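*Asks:* In the UniProt record's numbering, the protein residues as written are 1 to 281. For every residue, glycine included, the Cβ atom is placed at its ideal position computed from N, Cα and C. Model, not experiment: these values are computed from the prediction. Pasting a structure here, questions to come.
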């Protein structure tokens, strides 16, 4: 049966129709009221229930940004764009080491004549075990460099850095790699040795965070071949045999082979831990 409240009791209840509730109702400033007009004879109200400042700002999507993939692309904010397509934040992208290794004019011969463009090779890294390289082409040199930087950041991969008890930051063991006519040999060195390496490998070490290393280049000193050979051996990943590109084709040349094994990988393969021995004592 319905509950019968006396009129004296009903007067004690708050009137929700005349006074706004601070929790359930929106603030009057967040309500837009539209009065009837000659074209619209009905009144209307629009209530904003969510305050924009209560939530984290939504980052712009990659589709909303102008990508620098075409020859006629506009200027873009590299930091904002890379923060949307990679796990890196804007500050992390801004703090990356960036080294321009090569910038040259190249020509593609077609049936209608020579198609000239600029080629750029850029190395990027965070100085703490992440490094990548990228190549870019464009009729404009600055756009080619920006494209190369974007590819370098998207292709960042980890490098196993040996942090010795003497404070050295070097590689685990001597490694050798060959790309084309270039052969790169890198050797670990103790703390205080420094980077006694060719300029191209010096830029890679600065980007990775290696402080003690010696290296030699045999054969061709083409910087493009040297960069690809050095990073192919420094990156520790290994492509599964027979996998190809995953869709029935051959894998990319830079994905072939096996990179440098880190300390943990060596210990697992041998079944025992590695003990560091200081031969200078």
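Applying the 10 Å Cβ sphere with the 16-neighbour rule, what's the burial state of residue 298?
*Replies:* Residue 298 cannot be examined here, being either before or after the span of the chain that is shown, 1 to 281.
*Asks:* Could you check which residue in 109, 121, 82 has the C-alpha nearest to that of residue 99?
*Replies:* Ranking 109, 121, 82 by CA distance to the CA of residue 99 puts 121 first.
*Asks:* Might you give, ordered along the chain, the residues of its own chain that have their beta carbon closer than 6 Å to the beta carbon of residue 218, omitting 5 neighbours on each side?
*Replies:* 183
*Asks:* Going by Cα to Cα distance, which pick from 12, 157, 114, 221 is closest to residue 134?
*Replies:* Looking at the Cα atoms, 157 is the closest of the given residues.
*Asks:* For residue 96 versus residue 129, is the C-beta distance shorter than 8 Å?
*Replies:* No; because the gap between Cβ atoms is not below 8 Å, this pair is not in contact.
*Asks:* Give me the Cα-Cα distance between residue 45 and residue 34, rounded to the nearest whole angstrom.
*Replies:* 6 Å
*Asks:* Applying the criterion that 16 or more other CB atoms from any shown protein chain within 10 Å of the CB defines a buried residue, is residue 132 buried or exposed?
*Replies:* buried
*Asks:* Under the rule that 16 or more other beta-carbon atoms within 10 Å means buried, what is residue 145, buried or exposed?
*Replies:* buried
*Asks:* Measuring only the C-alpha atoms, how far is residue 188 from residue 111?
*Replies:* 50 Å
*Asks:* Only counting the same chain, and skipping five residues up and downstream in sequence, which positions put a Cβ closer than 8 Å to that of residue 274?
*Replies:* 263, 266, 267
*Asks:* Thinking C-beta only, is residue 213 closer than 8 Å to residue 170?
*Replies:* yes
*Asks:* What are the boundary residues of the beta strand (DSSP E) that residue 110 is part of?
*Replies:* 97-110
*Asks:* Return helix, strand or coil for residue 81, following the three-state DSSP convention.
*Replies:* helix
*Asks:* Whole angstroms is fine: what's the gap from residue 101's alpha carbon to residue 271's?
*Replies:* 41 Å
*Asks:* With burial defined as no fewer than 16 other Cβ atoms inside 10 Å of the residue's Cβ, what is the status of residue 81: buried or exposed?
*Replies:* buried
*Asks:* I'd like the list of long-range same chain contacts for residue 89, defined as Cβ closer than 8 Å, with 5 residues on each side in sequence excluded.
*Replies:* So the list reads 83, once near-sequence residues are dropped.
*Asks:* Would you please state the rounded distance, in angstroms, between the beta carbons of residue 161 and residue 210? I believe it to be under 8 Å.
*Replies:* 6 Å
*Asks:* DSSP puts residue 170 in a beta bridge; with which residues?
*Replies:* 162
*Asks:* With 16 other CB atoms within 10 Å as the buried threshold, where does residue 150 fall?
*Replies:* With a 10 Å radius around the Cβ and a threshold of 16 neighbouring Cβ atoms, residue 150 comes out buried.
*Asks:* If I follow the unbroken beta strand (DSSP E) through residue 214, where does it start and stop?
*Replies:* 213-219
*Asks:* Ignore the nearest five residues each way along the sequence and tell me which others in residue 261's own chain have a CB closer than 8 Å to its CB.
*Replies:* 160, 172, 236, 269
*Asks:* Considering residue 188, what are the terminal residues of the beta strand (DSSP E) in which it resides?
*Replies:* 182-188
*Asks:* From residue 92 to residue 86, what does the alpha carbon distance come to, in whole angstroms?
*Replies:* 11 Å
*Asks:* Can you name, in chain order, every residue of its own chain whose Cβ lies under 8 Å from the Cβ of residue 12, other than the five neighbours on each side?
*Replies:* Within the same chain, residue 12 has no close Cβ partners at all.
*Asks:* Would you call the CB atoms of residue 185 and residue 201 closer than 8 Å?
*Replies:* no
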